[in-house]
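Residue numbers (my numbering), protein chains in the order written: chain A, 12 to 191; chain B, 15 to 213.
Glycine is no exception: its CB is placed at the ideal position from the N, C-alpha and C atoms.
Accompanying notes for the structure given below.
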């Protein structure tokens, strides 16, 4: 492949920086020896390269005052990290956190337990299908006379518990409420 | 503050070992060895002194806190530190802030030797301002590549490691940045920079 001028000029920066492999470096040097145009470009680039080498390292020169300021900042940033790493302080923090966790877990349980004990027990539910136990005199009355057979035991029982009020004959009639 | 050139790789390894044991003198020695270079890198990329200080501080804090993650077999400490700093610079200029404040350029202190004449100091400052303006017009990736190459003398392979790209990409970025800077600086008059610098 023919080594053209554009090829040579594309490699000039790497040539100046000593970054070309030996074979390519030799080929570029041979071309520069025989090509006046490329050699002129090379000289311009070499001069500019020298300017950059001289000038760029001067950018951002730092003085001792600036360096001290940055160092103070670094130390300030590093200090909290060292404090956290101290073992006794870490142990104390873990202990406090553990106590807080235990309290947070136990306290609601113990409070709710006290409240349950203080409350009255709920009533025992009764079976509504159980037969009503009647006083023995009511049972005897209901079973003694055949005339009373058409009356329900419940009615007689209610009547025996709540006798109707005494009313004179001329008193206004009060509607009798039906017993359940 | 000592320079990195005075620290051998063995010295650096010793400082790292001290730092890993939590010894402050290890951190301090690493800082003294690498801080000037790291600050120059950050300034060359960000072109702002306050930002460069913030990023340098942030990079050192991260490096010291994560010193156990550093693997000497994979990269030099300098490369590792520069990778951290470049990553933080990228985070900063992604926030779409104007890169160069012109007022900042005029108030930059000139670090010229005391025996230089005022004219020479002025010429030096003018040249540096022109260079900073030209750098500010480069794409960030090109600026990173050219600063790493010329201000820190990194090889293409090291540039590729720091920028997390293939070596060929690093090479083409350096070449493109070089050509772009030449195009930006030479229209001011052929050899203006040279003339200013040769004052």
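Quiz prompt | Per-residue burial, residue 120 of chain B [other beta carbons within 10 Å of its own, 16 or more giving buried] | solution = Within the second chain, the letter at position 106 stands for residue 120 of chain B. Summary for residue 120 of chain B: the model assigns pLDDT 45, below 50, so the residue's position carries little reliability, and this model does not support an answer.
Exercise. Give a yes or no on whether the C-beta atoms belonging to residue 107 of chain B and residue 55 of chain B are separated by under 9 angstroms.
Key: On the second chain, position 93 is the one that residue 107 of chain B refers to. On the second chain, position 41 is the one that residue 55 of chain B refers to. It is not a contact, given that the beta carbons lie outside the stated cut-off.
Self-check item: Alpha-carbon spacing of residue 123 of chain B relative to residue 142 of chain B, whole angstroms
Solution: Within the second chain, numbered from 1, the residue matching residue 123 of chain B stands at position 109. Within the second chain, numbered from 1, the residue matching residue 142 of chain B stands at position 128. Residue placement at residue 123 of chain B is flagged as unreliable, the pLDDT there being 44, under the threshold of 50; a coordinate-derived value is accordingly withheld.
Exercise. Label residue 103 of chain B either buried or exposed according to how many other C-beta atoms from any shown protein chain fall within 10 Å of its C-beta, with 16 as the threshold for buried.
Key: Here residue 103 of chain B is taken as the residue at index 89 of the second chain, counted from 1. That one is buried.
Quiz item: How would you write the range of the alpha helix (DSSP H) that residue 97 of chain B sits in, first residue to last?
Solution: For the purposes of this step, residue 97 of chain B is taken as the residue at position 83 of the second chain. Where residue 97 of chain B is concerned, the enclosing alpha helix (DSSP H) stretches over 91-107.
Quiz item: Once you ignore the five residues that flank residue 158 of chain B on each side, which residues in its own chain have a CB closer than 7 angstroms to its CB?
Solution: The residue given as residue 158 of chain B occupies position 144 in the second chain. For residue 158 of chain B, where only same-chain residues beyond five positions count, the Cβ hits under 7 angstroms are 59, 100 and 177.
Exercise. Indicate whether at least one CB of chain B lies closer than 9 angstroms to the CB of residue 70 of chain A.
Key: What you label residue 70 of chain A is simply residue 59 of the first chain in a count that begins at 1. Yes, contact with chain B.
Practice problem: Find the nearest neighbour of residue 109 of chain B within the set B:65, B:79 and B:98, judged by alpha-carbon distance. | Solution: Looking up residue 109 of chain B in the second chain gives position 95. Taking only the C-alpha atoms, the option nearest residue 109 of chain B is B:65.
Quiz item: Mind listing which residues of the stretch 68-81 of chain B have their C-beta closer than 7 angstroms to chain A's C-betas, in chain order?
Solution: Taken in chain order, the members of the stretch 68-81 of chain B whose beta-carbon sits within less than 7 angstroms of a beta-carbon on chain A are 70, 71, 74, 75, 78 and 79.
Quiz item: CA-CA distance, residue 92 of chain B and residue 47 of chain A?
Solution: In the second chain, residue 92 of chain B corresponds to position 78, counting from 1. In the first chain, residue 47 of chain A corresponds to position 36, counting from 1. C-alpha separation (whole angstroms): 41 angstroms.
Quiz item: Three-state secondary structure (DSSP) at residue 35 of chain A?
Solution: Here residue 35 of chain A corresponds to residue number 24 of the first chain, with the count starting at 1. Secondary structure at residue 35 of chain A: helix, using DSSP grouped into helix, strand and coil.
Practice problem: Specify, as a first and last residue, the run of the alpha helix (DSSP H) that residue 14 of chain A falls within. | Solution: Here residue 14 of chain A refers to the residue found at position 3 when the first chain is read from its first residue. DSSP places residue 14 of chain A in no alpha helix (DSSP H); its state is neither H nor E.
Quiz item: What are the boundary residues of the alpha helix (DSSP H) that includes residue 140 of chain B?
Solution: Counted from its first residue, the second chain places residue 140 of chain B at position 126. That run of the alpha helix (DSSP H) goes 132-150.
Exercise. Mark residue 110 of chain A as exposed unless 16 or more other C-beta atoms lie within 10 angstroms of its C-beta, in which case mark it buried.
Key: Here residue 110 of chain A corresponds to residue number 99 of the first chain, with the count starting at 1. Under this definition residue 110 of chain A is an exposed residue.
Quiz item: Can you tell which of A:16, A:57 and A:90 has its C-alpha closest to the C-alpha of residue 196 of chain B?
Solution: Your numbering for residue 196 of chain B matches position 182 in the second chain. Nearest of A:16, A:57 and A:90 to residue 196 of chain B, Cα basis: A:57.
Exercise. Would you mind telling me which residues of chain A sit closer than 8 angstroms to residue 58 of chain B, beta carbon to beta carbon, in chain order?
Key: Translated into the one-based positions of the second chain, residue 58 of chain B becomes position 44. Residues of chain A passing the Cβ test: 67, 70 and 71.
Quiz item: Going by beta carbon distance, what residues of the same chain come within less than 8 angstroms of residue 5 of chain B, once the five residues before and after it are set aside?
Solution: Since the first residue shown for chain B is 15 and the last is 213, residue 5 of chain B is missing from the structure and cannot be characterised.
Quiz item: Taking the alpha helix (DSSP H) that residue 61 of chain B falls in, what are its first and last residues?
Solution: The residue given as residue 61 of chain B occupies position 47 in the second chain. Careful: residue 61 of chain B lies outside any alpha helix (DSSP H) and carries neither H nor E.
Exercise. Give a yes or no on whether the minimum CB-CB distance between residue 18 of chain A and chain B is below 9 angstroms.
Key: Indexing the first chain from 1 puts residue 18 of chain A at position 7. Not one beta carbon of chain B lies nearer than 9 angstroms to the beta carbon of residue 18 of chain A.
Practice problem: Using a Cβ cut-off of 9 angstroms (strictly closer), state whether residue 125 of chain B contacts chain A. | Solution: Indexing the second chain from 1 puts residue 125 of chain B at position 111. Because residue 125 of chain B carries a pLDDT of 46, less than 50, the predicted location of this residue cannot be relied on, and the following value inherits that uncertainty. It does; some Cβ of chain A falls within 9 angstroms.
Exercise. With 9 angstroms as the threshold, decide whether the Cβ of residue 55 of chain A is near any Cβ in chain B.
Key: Here residue 55 of chain A corresponds to residue number 44 of the first chain, with the count starting at 1. So yes, residue 55 of chain A belongs to the interface.
Self-check item: Three-pair Cβ contact test at 8 angstroms for the stretch 150-169 of chain B versus the stretch 187-196 of chain B
Solution: With three or more CB-CB distances shorter than 8 angstroms, the stretch 150-169 of chain B counts as touching the stretch 187-196 of chain B.
Quiz item: Is residue 44 of chain B closer than 9 angstroms to residue 30 of chain B when the C-beta atoms are compared?
Solution: Counting from 1 along the second chain, the entry for residue 30 of chain B is found at position 16. Counting from 1 along the second chain, the entry for residue 44 of chain B is found at position 30. Yes, the Cβ-Cβ distance between residue 30 of chain B and residue 44 of chain B is below 9 angstroms.
Quiz prompt | Whole-number beta carbon distance between residue 70 of chain A and residue 57 of chain B, since they are thought to touch under 8 angstroms | solution = The residue you call residue 57 of chain B lines up with position 43 of the second chain. The residue you call residue 70 of chain A lines up with position 59 of the first chain. Right, the Cβ-Cβ distance comes to about 6 angstroms (below 8 angstroms), so this counts as a contact.
Quiz item: Near residue 22 of chain A, which residues of its chain fall below 7 angstroms by C-beta distance, leaving aside the five closest residues on each side in sequence?
Solution: Within the first chain, residue 22 of chain A is the residue found at index 11, counting from 1. Excluding residues within five positions, the ones whose Cβ falls inside 7 angstroms are 31, 35 and 39.
Quiz item: Does the beta carbon of residue 41 of chain B come closer than 9 angstroms to any beta carbon on chain A?
Solution: Start at 1 with the first residue of the second chain, and residue 41 of chain B comes out as number 27. Judged by the 9 angstroms Cβ criterion, residue 41 of chain B is in contact with chain A.
Quiz item: Excluding five sequence neighbours on each side, which residues of the same chain lie with their C-beta closer than 6 angstroms to the C-beta of residue 126 of chain B?
Solution: By one-based count along the second chain, residue 126 of chain B stands at place 112. Only weak support is given to the placement of residue 126 of chain B: the predicted model assigns it a pLDDT of 46, under 50, and the value that follows is read from those uncertain coordinates. The residues are 135 and 138.
Quiz item: How long is the line joining the alpha carbons of residue 198 of chain B and residue 40 of chain B, rounded to whole angstroms?
Solution: Along the second chain, one-based indexing puts residue 198 of chain B at 184. Along the second chain, one-based indexing puts residue 40 of chain B at 26. Approximately 44 angstroms, taken between the alpha carbons.
Self-check item: Neighbour list for residue 49 of chain B in chain A, Cβ cutoff strictly below 8 angstroms
Solution: Along the second chain, one-based indexing puts residue 49 of chain B at 35. Ordered by position in chain A, the residues that pass the 8 angstroms Cβ test against residue 49 of chain B are 73, 78, 81 and 82.
Quiz item: Between the beta-carbon of residue 28 of chain A and the beta-carbon of residue 170 of chain B, is there less than 9 angstroms?
Solution: Residue numbering aside, residue 28 of chain A sits at position 17 when the first chain is read from its first letter. Residue numbering aside, residue 170 of chain B sits at position 156 when the second chain is read from its first letter. Going by C-beta atoms, residue 28 of chain A is nearer than 9 angstroms to residue 170 of chain B.
Quiz item: Using the beta-carbon count (16 or more within 10 Å), is residue 45 of chain A buried or exposed?
Solution: For the purposes of this step, residue 45 of chain A is identified with residue 34 of the first chain, where counting begins at 1. Under this definition residue 45 of chain A is an exposed residue.
Quiz item: Nearest chain A C-beta to residue 21 of chain B closer than 9 angstroms, yes or no?
Solution: Stepping through the second chain from its first residue, residue 21 of chain B is reached at position 7. No, residue 21 of chain B does not count as interfacial toward chain A.
Quiz item: Buried or exposed: which applies to residue 173 of chain B, given that a residue is buried once 16 or more other Cβ atoms fall within 10 Å of its Cβ?
Solution: Within the second chain, the letter at position 159 stands for residue 173 of chain B. Counting Cβ neighbours within 10 Å, residue 173 of chain B comes out buried, since at least 16 surround it.
Quiz item: Taking only beta-carbon atoms, is residue 102 of chain B less than 9 angstroms away from chain A?
Solution: On the second chain, position 88 is the one that residue 102 of chain B refers to. Cβ-Cβ to chain A under 9 angstroms: no for residue 102 of chain B.
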